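Presented below is the structure to which this report refers.
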Amino acid sequence: MLGILNIDKPKGWSSFDVIRFLKRLFNEKKAGHLGTLDPLASGVLPVFLGKGTRLIPYFNETDKIYRAHIHLGIRTDTFDAEGKILEEKECPEFSKKELESALDSFRGRHLQSVPAFSAVKIEGKRAYHLARQGKVLKMPKREVEFLDLELEEFQLPYLQLRIHCSKGTYIRSLAEDLGSKLKVGAHLSGLVGCNAESIFCWKTHAARKPLKNSIQNRYPGSTRLIF
Numbered sequence: 000m001l002g003i004l005n006i007d008k009p010k011g012w013s014s015f016d017v018i019r020f021l022k023r024l025f026n027e028k029k030a031g032h033l034g035t036l037d038p039l040a041s042g043v044l045p046v047f048l049g050k051g052t053r054l055i056p057y058f059n060e061t062d063k064i065y066r067a068h069i070h071l072g073i074r075t076d077t078f079d080a081e082g083k084i085l086e087e088k089e090c091p092e093f094s095k096k097e098l099e100s101a102l103d104s105f106r107g108r109h110l111q112s113v114p115a116f117s118a119v120k121i122e123g124k125r126a127y128h129l130a131r132q133g134k135v136l137k138m139p140k141r142e143v144e145f146l147d148l149e150l151e152e153f154q155l156p157y158l159q160l161r162i163h164c165s166k167g168t169y170i171r172s173l174a175e176d177l178g179s180k181l182k183v184g185a186h187l188s189g190l191v192g193c194n195a196e197s198i199f200c201w202k203t204h205a206a207r208k209p210l211k212n213s214i215q216n217r218y219p220g221s222t223r224l225i226f
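Okay, so the sequence shown: first residue is 0 according to numbering that gives the first Met the number 0, each after it adds one.
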């Protein structure tokens, strides 16, 4: 088999949940995906099946586009809505100009701290395992680039951003850093992956219909496939 599917991952599923399900559905041993969407996130997850996995290196350098929802005034240990609340503050009445100015400081290249609750390995162990044990971790920093940060909507304490960034960027870390910049704290409350325009989707009607029906039967009303 050689296949490429653009899956609209539902909130609540990990990227690995999608891979495991498709491997079982197609009885295929080889499968991979571009990037990783956290369980909190929904949106486009390009999946490669069978011999299609050989194409992953040719697509893996592409930029990412997200729509992010950020909640100002509440910090969490995971930097998203799934974590333990660490701090709560009343959100000031920021003007659009103040918010734009804060966002402007993140545009371009800079070093970003990797979240402690992540799959990055620290001394051979996944960081999230150590973080769950209450260990204080010194997390590595990565160079990332924000090509565009657009404030699409805001109704305080909530912001909606359209983000065009380099691969490997943690949007949770952006939310945490933006909260620090505004001196109010923040966390990522929702995330949608938007881009897969560069992926050519190889499909057949025979494969598409049972795949779509199988996922919708398992997760009714919440999932659709993009082909």
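Here a beta-carbon is modelled for each residue, glycine too, at the ideal position from N, C-alpha and C.
Values in this document were obtained by computation on a predicted structure and should not be read as measured data.
Which value, in whole angstroms, describes the spacing of the CA atoms of K56 and R106?
Numbered from its first residue, the sequence shown carries residue 56 at position 57. Numbered from its first residue, the sequence shown carries residue 106 at position 107. The sequence given here places Pro at residue 56; Lys does not occur at that position. Between P56 and R106, the C-alpha separation is close to 27 angstroms.
How would you call R23, buried or exposed, if buried means at least 16 neighbouring beta carbons within 10 angstroms?
If you number the sequence shown from 1, residue 23 lands on position 24. Result: exposed.
Using 8 angstroms as the threshold, is the segment 9 to 24 in touch with the segment 148 to 163, meaning 3 or more CB pairs across them?
Verdict: no, contact absent.
Count the other CB atoms within 10 Å of the CB of H32; is the residue buried (16 or more) or exposed (fewer)?
In the sequence shown, the residue the question calls residue 32 occupies position 33. The residue in question, H32, is buried, as its Cβ has 16 or more Cβ neighbours within 10 Å.
Check whether the segment 136 to 152 touches the segment 110 to 121, counting contact only when three or more Cβ pairs, one atom from each stretch, lie closer than 8 angstroms.
Touching, per the Cβ criterion.
CB-CB under 6 angstroms to D147, same chain, minus the five flanking residues each way: which ones, in chain order?
On the sequence shown, residue 147 is found 148 positions in, with the first residue counted as 1. Hits under 6 angstroms: H163.
So is S179 buried or exposed if we call it buried at 16+ other beta carbons inside 10 Å?
Taking the first residue of the sequence shown as 1, we reach residue 179 at position 180. Residue burial is scored here from C-beta neighbours: S179 has fewer than 16 other C-beta atoms within 10 angstroms and is therefore classed as exposed.
Apart from the five residues on each side of it in sequence, which residues of its chain come closer than 6 angstroms, Cβ to Cβ, to K50?
Within the sequence shown, the letter at position 51 stands for residue 50. Answer for K50: L1, listed in chain order.
If you drop the 5 nearest sequence neighbours on each side, which residues of the same chain put their C-beta closer than 8 angstroms to that of I84?
What you label residue 84 is simply residue 85 of the sequence shown in a count that begins at 1. In the same chain as I84, and ignoring 5 residues on each side of it, the C-beta atoms closer than 8 angstroms to its own belong to I73, R74, T75, in chain order.
Roughly how many angstroms separate the alpha carbons of F58 and E92, rounded to a whole number?
Walking along the sequence shown from the start, residue 58 turns up at place 59. Walking along the sequence shown from the start, residue 92 turns up at place 93. The alpha-carbon atoms of F58 and E92 are separated by roughly 42 angstroms.
CB of H186 within 8 angstroms of CB of D37, strictly:
Sequence index remark: in the sequence shown, residue 186 carries index 187 (1-based). Sequence index remark: in the sequence shown, residue 37 carries index 38 (1-based). No, Cβ-Cβ distance for H186 and D37 is not below 8 angstroms.
Determine the closest residue to N26 out of L48, D16, S14, with distance taken between C-alpha atoms.
The residue labelled residue 26 in the question sits at position 27 within the sequence shown. Per the Cα distances, L48.
If you run the structure through DSSP and keep just helix, strand and coil, what is A30?
Here residue 30 refers to the residue found at position 31 when the sequence shown is read from its first residue. Look at A30 here: in three-state DSSP terms it is strand.
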